[in-house]
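Residue numbers (our numbering), protein chains in the order written: chain E, 35 to 799; chain P, 917 to 1066.
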């Protein structure tokens, strides 16, 4: 079933990318089907006794395989990824205007992202995990940069890509160390490890998680990614992709929990991110940015809880992952709807929407309460679990954690309130466009979800408990409670809500001002300089001088050949088999010298032609008719090419300075000698039985032909041939692209020429 | 250099073309047991295409289409065995007796070779297209190119 679902995704992706644009917004309806099928399957298999698995080995010796196992945590993520995914596709149908461009591309990319995310959460082999992790980076790059005609959008996409791909490298390194430490690439078979190696793996994997899940100071890409269309933000930047880092931490936590540094790196990352994200959310006036910074803060919260390493905290972390996906996706959808219907997201311009957009207001109230962790909503139960989890930790460490978590939660209440007041509260009345049902329905369902799930906590517990148990076996003892009673945790909650309301009311009046941080600025500067430096390198290396390209390649190849000079057996160098070879060789060498020395281009072309013909002769004498035929045909085509090409150029070669000329001579001599050395060395090298006898023996039966050369080309070494024809295709497409580039310049040039021609019409050309 | 649409050249090419196509076909089919093969056949066809361009005649086909077709043929032939649980590029040889021709043997390698032929033709065409300029009536004008580029 896993394969069927993945295949279904791929087929629909391919289908809608080639579908005609006349499909319009219906394309989203088609794209919603695979996630819908997946979420139904996910819901059915939740109660299954054994987790569904699937495996397809690729290189068994290297333990490389596509290996999936939908364990409880993966099952929970599947519900989020595909459930919210299906909703987002419906939402997108309302978000885009009917005539919008590139809807098929958008739907295909978004579905590709969804597939990558499913593969990521289902993977049971670290290499599968890495593959899909990188796929989410690439597809999210394409989605963030969807409005590719806007420079800001492209910049945001590039920045997100640089940071997440750097994280991908860290992930790869971390996984290599992890596999080395645990001795297996299968995640479900890993045993806990500790020691220096484990610490290195922990640091690398946490760094990877930090880039993906926007932990300080790598969070800079997430607010920038708000340049993407809102369906993307609602899906990637709330519910799914940013959870990938949290998911990674949850998956490797059982293995690396005991590694020195794991807990402290994670806690530091999480706490700093939680606070910095909240402050960001209090600082901005764009409603979407407030939510984005809120996401940063919540991600920090999740990492903090996961890093605490206690059963209750882990349970709370998984609960928050679940609750956050539901309320944040709904809030993003509401903001997108407001953006579409009013034309702005600036909380200074928005106001009075509580009356003019009652449905959106209702959704926002429920989801906002869930975000703040107050009232009869899912987020409240999840946050209660978190506070209680912190209260369970003893000693000074416990006190510090409670203080930090309470502080973070207080700020969360504050920015939620600021968001609500800014968007829906009093303000200049703004004109509101008509309701779009496709946008309203998914957000209403999600909003309803935050509310309804609070009253079906038993079901939620059955969902979260096994997932949390997988991360920490102790977590199974805990449950979300609708009414905790007047416990210490509840009193703390009431206190922090009151404090949050006060801070929120103050911040709603005036956005707070904070100094820029060194960490975030440093990451920003590094990312920017990566882009600038790579541009510079490309400009320096690809400067466009053909002779320099050729010289670079020739010298590099010659240097690579140097080690083989010593393996030349002097016996392979002898005069000739037949005297005719000597005659042909003399002709070839003489023609070569003429081609190099002669001043006219046509003469040089002729000289080269003679070299080719003489080599054809050598092949014939040596008894290699296939080579000879190919050689002479190539010579023929090249002659025609010269006829074409020489027409463009002057009769004579342009004069060349003495220094450049000697440099070219030296390079040519080195290249020629190196080729000779390579041939002599490969003739000296044979070890063991030559393959010829076996090829002859098996050629007819298995290859289906008597001509060994061709059997080799099309059967025995057909993979090589395939590689070669791919090179030919690449070259040909490159030539065509160059021609088109040239033609663009030409049309520009022609316009100038035509103007000149018009003024000179009277004079004979 | 060569006058476009010179009747002698055009007629000459018309006469030579079928012969060259026969030669290409021979090389292609002979390739399995004797010298020749898809690459050589592609070069023969490519040189015919080139001659037509020089003479100012319509090109046989767009380079990019030929390339794409060849790429698809090779790709499909390479991947198809995977669907049947065989290894990449595995060959199927069929043997049958046909009227007139007698015993005929053909392998899927022959189709793979056809892809190679198409790609070689496509490469030659694209290089020549790159050097010349396609005029409005679909022929390639090299004299125009001379002015255009310089």
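C-beta: ideal position from N, C-alpha, C; glycine also.
Small disclaimer: the values here were computed from a predicted structure and weren't measured.
Query                                                                                                                                                                                                          : Result
Out of E:78, E:53 and E:155, state which residue places its alpha-carbon closest to the alpha-carbon of residue 139 of chain E.                                                                                : E:53
What residues in the region 657–676 of chain E bring their beta carbon closer than 7 Å to a beta carbon of chain P?                                                                                            : 659, 660, 663, 664, 667, 668, 670, 671, 674 and 675
Apart from the five residues on each side of it in sequence, which residues of its chain come closer than 8 Å, Cβ to Cβ, to residue 44 of chain E?                                                             : 149
Does the pairing of the region 956–969 of chain P with the region 930–937 of chain P give three or more beta-carbon distances under 8 Å?                                                                       : yes
Looking at the C-beta of residue 323 of chain E, does it have a partner C-beta in chain P at a distance below 8 Å?                                                                                             : no
Step through the CB atoms of chain E and report whether any lies within less than 8 Å of the CB of residue 924 of chain P.                                                                                     : no
Would you please verify whether the beta carbon of residue 414 of chain E is less than 8 Å from any beta carbon of chain P?                                                                                    : no
Between the Cα of residue 352 of chain E and those of E:503, E:303, E:252 and E:468, spot the shortest distance and give me the residue it belongs to.                                                         : E:503
Starting from the C-beta of residue 359 of chain E, find all residues in its chain whose C-beta is less than 8 Å away, skip the five residues before and the five after it, and write them out in chain order. : 114, 118, 272, 273, 274 and 277
How is the beta strand (DSSP E) around residue 438 of chain E delimited, first residue to last?                                                                                                                : That residue, residue 438 of chain E, is in no beta strand (DSSP E); its alpha helix (DSSP H) goes 429–458.
Buried or exposed: where does residue 493 of chain E fall if 16 or more other Cβ atoms within 10 Å of its Cβ makes it buried?                                                                                  : exposed
Extract the residue ranges of the beta strand (DSSP E) inside the region 53–121 of chain E, only unbroken runs of 3 or more that lie entirely within it.                                                       : 87–93 and 98–103
Please list, in chain order, the residues of the region 951–968 of chain P that have any C-beta partner in chain E closer than 8 Å.                                                                            : 951, 952, 953, 954, 955, 956, 959, 960, 962, 963, 966 and 967
Taking 8 Å as the CB-CB limit, is residue 654 of chain E close to chain P?                                                                                                                                     : no
Quick check on residue 279 of chain E - is its C-beta less than 8 Å from some C-beta in chain P?                                                                                                               : no
How about residue 140 of chain E: is its C-beta nearer than 8 Å to some C-beta of chain P?                                                                                                                     : no
Taking 8 Å as the threshold, find out whether the region 475–484 of chain E comes into contact with the region 359–368 of chain E through three or more Cβ pairs.                                              : yes
Taking only three categories from DSSP, how would you classify residue 515 of chain E?                                                                                                                         : coil
I'd like to know if the region 976–985 of chain P and the region 765–772 of chain E are in contact, where contact means that at least 3 CB-CB pairs between them fall below 8 Å.                               : yes
Straight-line CA distance for residue 531 of chain E to residue 489 of chain E?                                                                                                                                : 22 Å
Run through chain P and tell me which residues come within less than 9 Å of residue 635 of chain E, C-beta to C-beta.                                                                                          : Those within 9 Å of residue 635 of chain E in chain P number zero; the least Cβ separation is about 12 Å.
With residue 514 of chain E and residue 415 of chain E assumed to form a contact (beta carbons below 8 Å), what rounded beta-carbon distance in angstroms separates them?                                      : 4 Å
To the nearest angstrom, how far is it from the Cα of residue 48 of chain E to the Cα of residue 128 of chain E?                                                                                               : 23 Å
Whose C-beta lies closer than 8 Å to the C-beta of residue 687 of chain E among residues of the same chain, with five residues either side of it excluded?                                                     : 633, 634, 635 and 638
Would residue 100 of chain E count as contacting chain P if we go by Cβ distances under 8 Å?                                                                                                                   : no
Could you name the residues of the same chain whose beta carbon sits closer than 6 Å to that of residue 409 of chain E, not counting the 5 residues immediately before and after it, in chain order?           : 403
Specify whether the region 379–388 of chain E and the region 292–311 of chain E touch according to this definition: at least 3 beta carbon pairs, one from each stretch, less than 8 Å apart.                  : no
Are the region 94–105 of chain E and the region 225–241 of chain E in contact at 8 Å, needing three or more beta carbon pairs?                                                                                 : no
Give the residues of chain P in contact with residue 773 of chain E, contact being defined as C-beta atoms less than 7 Å apart.                                                                                : 1045 and 1046
Any idea if residue 340 of chain E is buried or exposed, counting beta-carbon neighbours within 10 angstroms, 16 or more meaning buried?                                                                       : buried
Based on the DSSP output, what are the partners of residue 220 of chain E in its beta bridges?                                                                                                                 : E:159
Looking at chain E, is there any beta carbon in it that lies within less than 8 Å of the beta carbon of residue 1025 of chain P?                                                                               : yes
Measure the CB-CB distance between residue 388 of chain E and residue 452 of chain E and report whether it falls below 8 Å.                                                                                    : no
For a test of the three-state rule: what should DSSP assign to residue 22 of chain E, helix, strand or coil?                                                                                                   : What is shown of chain E runs 35 to 799, which leaves residue 22 of chain E out entirely.
Tell me which residues share the same chain as residue 652 of chain E and place their Cβ nearer than 8 Å to its Cβ, disregarding the 5 neighbours each side in the sequence.                                   : 615, 618, 619 and 622
Look at the alpha carbon of residue 774 of chain E and the alpha carbon of residue 583 of chain E, and state the distance between them as a whole number of angstroms.                                         : 21 Å
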